[in-house]
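Asker: The following block contains the structure, expressed as structure tokens.
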Amino acid sequence: MKTIDTKAARGQRDFQSRIKKLALIGCGKLGEGLLSGMLGSQLIPVENVEVTVAHQPRADYLAEKYGVKAHTNNAQAVKGADLVLIVLKPQQVKGFLHDVKKVLRKDAVVISAAASVTTALIERELGRPTRAIRAMPNTPCLIRQGMTAVAASVHAAPDDVTLAREIFASMGRTVVVDEKHMDAITGLSGSGPAYVYLMIESLAEGGVKMGLPRELATELSAQTLLGAASLVLHTGEHPAKLKDMVTTPAGCTIDGLMELEEGGLRVTLIKAVVRAAQRAKQLVEGQNS
Ligand SMILES: NC(=O)c1ccc[n+]([C@@H]2O[C@H](COP(=O)([O-])OP(=O)(O)OC[C@H]3O[C@@H](n4cnc5c(N)ncnc54)[C@H](OP(=O)(O)O)[C@@H]3O)[C@@H](O)[C@H]2O)c1
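Numbered by the numbering used here, the letters in the sequence shown go through residues 1 to 289 in order.
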């Protein structure tokens with residue numbers, strides 16, 4: 001029987017022929033999402049992946065749940081790896097690079113998903129030109145609805161960017177951007193799910209205030225955000241035009257919108273992205289404010 005050679009299947013084969021060992025460093029909340037996404041989409045076989053964490057019980061949990069080799073020895077994981085995926089907290093990245101620079105293969109692709117960590121910092125800490133890629137995913141990656149921006153360093157080849165994109169494409173949408181935009185993206189789509197949860201919760205509370213059962217109100221609220229967001233992506237229309245479609249002259253929506261404008265929702269959201277993006281620049285140095 002003739003098999004259909006889809007683009008995804010070809011991508012998978014290319015990925016597997018290039019990556020014989022992937023070291024995933026710092027397999028916490030986001031790292032586990034990436035691990036589960038890569039294994040679930042069969043991008044890479046489990047025997048080609050080695051993951052590390054700080055505490056052995058967490059390593060045992062990951063080994064048990066995913067059948068992956070998991071431990072706390074970063075140098076061992078990095079040794080011989082073609083691809084190193086860093087999902088540590090920003091403040092931990094410098095120490096990690098310092099610890100593994102002697103064992104890290106000179107031709108390894110290094111992808112960092114840590115906020116605030118630039119590809120220049122990675123090269124500086126390793127003390128040599130490196131095929132470094134910076135990525136900013138978000139938590140909906142856990143259910144393959146993520147948004148990930150990927151930026152290449154000067155020494156990363158186009159194939160390396162494709163490789164990074166394939167990883168994150170197995171967990172949702174991806175875009176390739178200039179690295180100068182990464183802090184802004186961190187403040188928008190990296191932190192964004194938290195802002196949206198606040199909106200879902202608040203809209204639901206509005207329903208509760210008007211007598212709806214909480215569970216129903218939360219479902220109505222969450223699906224409304226999901227549907228509205230999907231309509232923006234699906235139609236490519238400006239959100240203002242879609243808003244106008246809901247807003248009947250002298251209807252009830254315009255009254256709701258007036259309340260939001262009076263409460264400063266628009267400027268508050270703009271400021272939230274700006275503040276988070278500014279903060280994103282500082283995390284790598286471990287500054288508290
Ligand atoms: N969460 C998000 O929404 C999100 C979105 C985009 C980017 N990011 C970035 O992803 C990174 C991780 O965030 P997270 O929310 O996943 O944090 P997290 O859940 O705290 O995960 C960090 C993991 O690193 C492990 N770890 C700590 N020190 C280590 C070391 N020296 N060697 C190896 N592993 C070590 C921890 O191990 P133990 O579990 O054993 O303590 C933990 O599993 C951050 O840089 C963040 O900027 C996060």
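Using N, Cα and C, we set each Cβ at its ideal position, and we do this for glycine too. Computed from a predicted model, the values in this text were never measured in an experiment.
Does the Cβ-Cβ distance between Val51 and Ala70 come in under 8 Å?
Answerer: The answer is yes: Cβ separation under 8 Å.
Asker: Is it the case that the Cβ atoms of Gly146 and Phe168 are separated by a distance below 8 Å?
Answerer: Result yes, Cβ atoms of Gly146 and Phe168 sit closer than 8 Å.
Asker: Give me the DSSP bridge partner(s) of Arg173.
Answerer: The partner list for Arg173 (beta bridge, DSSP) reads Met147.
Asker: Is Gln76 a contact residue of ligand 1, with contact defined as CB to any heavy atom under 7 Å?
Answerer: No.
Asker: Using the three-state DSSP reduction, which class does Ile111 fall into: helix, strand or coil?
Answerer: It is a strand residue.
Asker: Could you tell me the boundaries of the alpha helix (DSSP H) in which Lys65 lies?
Answerer: From DSSP, the alpha helix (DSSP H) with Lys65 extends over Gln56 to Tyr66.
Asker: Quick one: grab the DSSP three-state call for Arg124.
Answerer: Reduced to three states, the DSSP call for Arg124 is helix.
Asker: Could you tell me whether the segment 108-127 touches the segment 78-96, where touching means 3 or more Cβ pairs closer than 8 Å?
Answerer: Judged by Cβ distances under 8 Å, the segment 108-127 makes contact with the segment 78-96, as three or more pairs qualify.
Asker: Beta carbon of Cys252: closer than 7 Å to some heavy atom of ligand 1?
Answerer: False, no ligand heavy atom lies under 7 Å from that Cβ.
Asker: Please determine if the segment 19-28 and the segment 38-50 are in contact, where contact requires at least 3 C-beta pairs separated by less than 8 Å.
Answerer: Contact holds: three or more Cβ-Cβ distances are below 8 Å.
Asker: I want to know whether the segment 178-195 touches the segment 156-164 - three or more CB-CB distances under 8 Å.
Answerer: Flag = no, the segment 178-195 and the segment 156-164 do not touch.
Asker: If you drop the 5 nearest sequence neighbours on each side, which residues of the same chain put their C-beta closer than 8 Å to that of Arg131?
Answerer: These residues qualify, in order along the chain: Asp107, Ala108, Val109, Val110, Ser153, His155, Ala156, Ala157 and Asp160.
Asker: Where Lys209 and Leu203 are concerned, what is the direct C-alpha to C-alpha distance, given to the nearest angstrom?
Answerer: One C-alpha to the other measures close to 10 Å.
Asker: In angstroms, rounded to a whole number, what distance separates the CA positions of Leu18 and Lys65?
Answerer: The identity of residue 18 in the sequence shown is Arg, whereas the question assumes Leu. If you take the alpha carbons of Arg18 and Lys65, they lie about 26 Å apart.
Asker: Please go through the same chain and pick out, in chain order, the residues whose beta-carbon is closer than 8 Å to the beta-carbon of Ile86, but skip the five residues on each side of it.
Answerer: Correct list, in chain order: Ile25, Gly26, Val93, Phe96, Val110, Ile111, Ser112, Ala113, Ala114 and Val117.
Asker: Do the CB positions of Val103 and Ala120 come within less than 8 Å of each other?
Answerer: Result no, Cβ atoms of Val103 and Ala120 do not sit closer than 8 Å.
Asker: How big is the Cα-Cα spacing for Val273 and Ile44?
Answerer: Rounded to the nearest angstrom, the two C-alpha atoms are 35 Å apart.
Asker: Confirm, please, whether the CB-CB distance from Met171 to Gly263 is below 8 Å.
Answerer: For Gly263 and Met171, no; Cβs fall outside 8 Å.
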